[in-house]
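Data first, discussion second: the structure below is written as structure tokens.
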DNA sequence: AAATATAATATCGTATATGATATAGGGAGG
DNA sequence: CCTCCCTATATCATATACGATATTATATTT
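Chains as they are written, first to last, in our numbering: chain A, 1 to 228; chain B, 1001 to 1228.
Pasting the structure below:
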């Protein structure tokens, strides 16, 4: 049947460049929204039917997600959403961040231009305003996203692309969100961001590194409650 | 001859090897052997014909390699082997290693058991013996592989799985090999390994971290020649 | 002769089909 | 009544087919 022509006709929602990208985004969205719960099975052809695409792009998207640790694949059994972070994975992840992000903050102070700072300030201001007063879960989801962008922005300014892309691929904020989508400890984080931003603004590299270090440690401590 | 042979599943019932894994290894091998030059086009169906499999597993293997940065994909154009590391990528990569590996060495000293140490010693001894006196390029390829295993082993002992898997996915040693497959500076590296190993053996965590730091810095300096 | 337009080819991106494997459920035997 | 085996179904892994797009070569025009 003329599926292809059919789909071509109703361009409908913004069609990403490739179908695979669209599928990837759609799955990511469902994971982020906890529409697919941690550990839940993900069957390829169900997904393909729901998204009205063939199995091939679904496969490729899942393959990407697997490489990023967001889904797991069991040979001849199938895909499933990654389970909740274990305590050990959590600890490892935060140790990892503590080794990289403070240094990246230090580098950011050294390398950035005035325009870069302005961009960062704008992003922080946007975070402070917060999202629309939607339901709590989607509000936090919005925060998680903004927070990820804020951190990513600093990493970008730091200039070390290996550090940046590596942390991006860890999807820290998605995991965190799944750990505690029910809480609302965003206020403290915002204050820590402000302290970090102040150090950056002052061109205080050591201070920025220290502020980033403290921010991550506190974030870790706040989240530790989720393991009790 | 197909590739699906000689793949051993882990414990348990004899799991049929997946063709994708075989294709992945085959492509990796060609990249490592410079059989596929940096930047060279990789056409899916040529590869599929050569390996005597269908295009589907080739696609999935290439997708994995792409996520690892070993091949690049241009939408509607095709795959190609990743180009040689640029100077900036090289610098970023070594800065990244310097932030992580010394700490991992420190952790390794703290966490490892006597058996772990014995394993590490064995691996180091094996490296010292070196490979058979084959042609120079394949000998260095062998060294690159052993070196990768040595470092990975230490990272494993460190216990932080995020650090370990992240560095493994950078494929540092493959890139390095492609940078200077023509040189033979392995002797110095072996001596640095020995110093590192000595510190580990003595339970000297700070010393191990320092030795690792120095080893990576020197490795970087040796390779810098490749950019002149 | 150079440049543009047009046709031919190669290769990708996507869809569908087929065979293989695991899991679940029911029936026979102990 | 329980256990084991066997069959049925769902799902994956792979193969093949088809349409779309880029690249290359050729021809025509200026």
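Where a beta carbon is used, it is the ideal one built from N, C-alpha and C, also for glycine.
Using three-state DSSP, classify residue 1071 of chain B as helix, strand or coil. Three-state result, residue 1071 of chain B: strand.
8 Å Cβ cutoff met for residue 72 of chain A and residue 1067 of chain B: The Cβ atoms of residue 72 of chain A and residue 1067 of chain B lie no closer than 8 Å to each other.
Give, in chain order, every residue of the region 191-206 of chain A whose Cβ lies closer than 9 Å to some Cβ of chain B. Under the 9 Å Cβ criterion, the region 191-206 of chain A contributes no residue.
Taking the alpha-carbon positions, what's the residue 150 of chain A to residue 187 of chain A distance? Spanning the alpha carbons of residue 150 of chain A and residue 187 of chain A requires a straight line of approximately 15 Å.
Exposed or buried, what is residue 83 of chain A when buried is set at 16 or more other beta-carbons lying within 10 Å of its beta-carbon? Under this definition residue 83 of chain A is an exposed residue.
Leaving out the 5 sequence neighbours to the left and right, which residues in its chain are closer than 6 Å to residue 8 of chain A when beta-carbon positions are compared? In this predicted model, residue 8 of chain A has a pLDDT of only 30, less than 50, meaning its place in the structure is not dependable; the value taken from the coordinates is given anyway. Around residue 8 of chain A: no qualifying Cβ.
Hey, residue 1172 of chain B and residue 1093 of chain B: beta-carbon distance below 8 Å or not? A contact, by the Cβ cut-off of 8 Å.
Is there a Cβ from chain A that is less than 8 Å from the Cβ of residue 1015 of chain B? Reliability of the predicted coordinates at residue 1015 of chain B is poor, the pLDDT of 39 falling under 50, and the value obtained from them is presented with this limitation in mind. Taking Cβ atoms only, chain A reaches closer than 8 Å to residue 1015 of chain B, which makes this a yes.
Report the rounded CA-to-CA distance for residue 1029 of chain B versus residue 1021 of chain B, giving the unit in angstroms. Using only the alpha carbons, I get a separation of about 12 Å.
Given a threshold of 16 other Cβ atoms within 10 Å of its Cβ, counted over all protein chains shown, does residue 78 of chain A qualify as buried or as exposed? It is exposed - the Cβ of residue 78 of chain A has fewer than 16 other Cβ atoms within 10 Å.
Using a 10 Å radius around the Cβ and a threshold of 16 neighbouring Cβ atoms, would you call residue 110 of chain A buried or exposed? It is exposed - the Cβ of residue 110 of chain A has fewer than 16 other Cβ atoms within 10 Å.
Chain B beta carbons: is any one of them nearer than 8 Å to that of residue 162 of chain A? So yes, residue 162 of chain A belongs to the interface.
If contact means a Cβ-Cβ distance below 8 Å, which residues of the region 1063-1079 of chain B contact chain A? Cβ contacts with chain A: 1063, 1064, 1067, 1068 and 1075.
Check the Cβ of residue 1103 of chain B against every Cβ in chain A and list those closer than 9 Å, keeping chain order. Per Cβ cutoff of 9 Å: 95 and 99.
Below-8 Å beta-carbon distance, residue 1060 of chain B vs any chain A residue: Closer than 8 Å: yes.
Contacts that residue 1166 of chain B makes with chain A (C-beta to C-beta distance below 7 Å): Correct list: 166.
Residues of the region 1031-1055 of chain B in Cβ contact with chain A at a cutoff of 9 Å, in chain order, please. From the region 1031-1055 of chain B, no residue has a Cβ closer than 9 Å to chain A.
Is the CB of residue 116 of chain A under 8 Å away from at least one CB in chain B? Output row for residue 116 of chain A: interface = no.
Euclidean distance between Cα positions of residue 1200 of chain B and residue 1115 of chain B: Going by the C-alpha atoms only, they are around 13 Å apart.
Since residue 1160 of chain B and residue 1104 of chain B are thought to touch, with beta carbons under 8 Å apart, how far apart are those beta carbons, to the nearest angstrom? Between residue 1104 of chain B and residue 1160 of chain B the Cβ distance is about 7 Å, and since that is below 8 Å, they are a contact.
Please look up how many angstroms separate the CB atoms of residue 1141 of chain B and residue 60 of chain A, rounded, as I've assumed it's under 8 Å. That belief does not hold up - the Cβ atoms of residue 1141 of chain B and residue 60 of chain A are roughly 31 Å apart, past 8 Å.
Do you know how far the Cα of residue 1018 of chain B is from the Cα of residue 196 of chain A? If you take the alpha carbons of residue 196 of chain A and residue 1018 of chain B, they lie about 48 Å apart.
Using a 10 Å radius around the Cβ and a threshold of 16 neighbouring Cβ atoms, would you call residue 1058 of chain B buried or exposed? Under a 10 Å Cβ-count criterion, residue 1058 of chain B is classified as buried, with 16 or more other Cβ atoms of the shown protein chains found around its own Cβ.
Out of curiosity, what's the CA-to-CA distance linking residue 1222 of chain B and residue 224 of chain A? Rounded to whole angstroms, residue 1222 of chain B to residue 224 of chain A spans 44 Å at the Cα level.
Just the chain B side, please: which residues come within less than 7 Å of residue 113 of chain A by C-beta, in chain order? Residues of chain B passing the Cβ test: none, with the nearest at roughly 18 Å.
Should residue 1127 of chain B and residue 1190 of chain B be called a contact, given that it needs their Cβ atoms to be closer than 8 Å? Closer than 8 Å, so yes.
The alpha helix (DSSP H) spanning residue 1022 of chain B covers which residue range? Run containing residue 1022 of chain B: 1019-1032, per the alpha helix (DSSP H) assignment.
Tell me the residue span of the beta strand (DSSP E) that contains residue 1081 of chain B. Looking at the DSSP string, the run of the beta strand (DSSP E) that includes residue 1081 of chain B is 1078-1081.
Whose C-beta lies closer than 6 Å to the C-beta of residue 96 of chain A among residues of the same chain, with five residues either side of it excluded? Excluding positions up to five away in sequence, the list is empty.
Use the C-beta contact count for residue 1175 of chain B: other C-beta atoms within 10 angstroms, 16 or more gives buried, fewer gives exposed. By the neighbour-count criterion, in which a residue is buried when 16 or more other Cβ atoms sit within 10 angstroms of its Cβ, residue 1175 of chain B is buried.
Can you grab the Cα-Cα spacing for the pair residue 1119 of chain B / residue 1154 of chain B, in whole Å? Near 10 Å, if we compare the C-alpha coordinates of residue 1154 of chain B and residue 1119 of chain B.
Tell me where the alpha helix (DSSP H) around residue 39 of chain A begins and ends. It is not in any alpha helix (DSSP H) - residue 39 of chain A carries neither H nor E in the DSSP assignment.
Under 8 Å from the C-beta of residue 141 of chain A: neighbouring residues of chain B: Against chain B, the beta carbon of residue 141 of chain A has no neighbour under 8 Å; the closest one sits roughly 24 Å away.
Once the 5 residues before and after residue 1124 of chain B are set aside, which same chain residues still bring their CB inside 8 Å of it? Excluding sequence neighbours, residue 1124 of chain B sits near 1150, 1193, 1194 and 1197.
When DSSP labels each residue in this structure, what does residue 53 of chain A get in the three-state scheme? Three-state result, residue 53 of chain A: coil.
Within this structure, are the beta carbons of residue 24 of chain A and residue 65 of chain A separated by less than 8 Å? Their beta carbons are under 8 Å apart, which means residue 24 of chain A touches residue 65 of chain A by this criterion.
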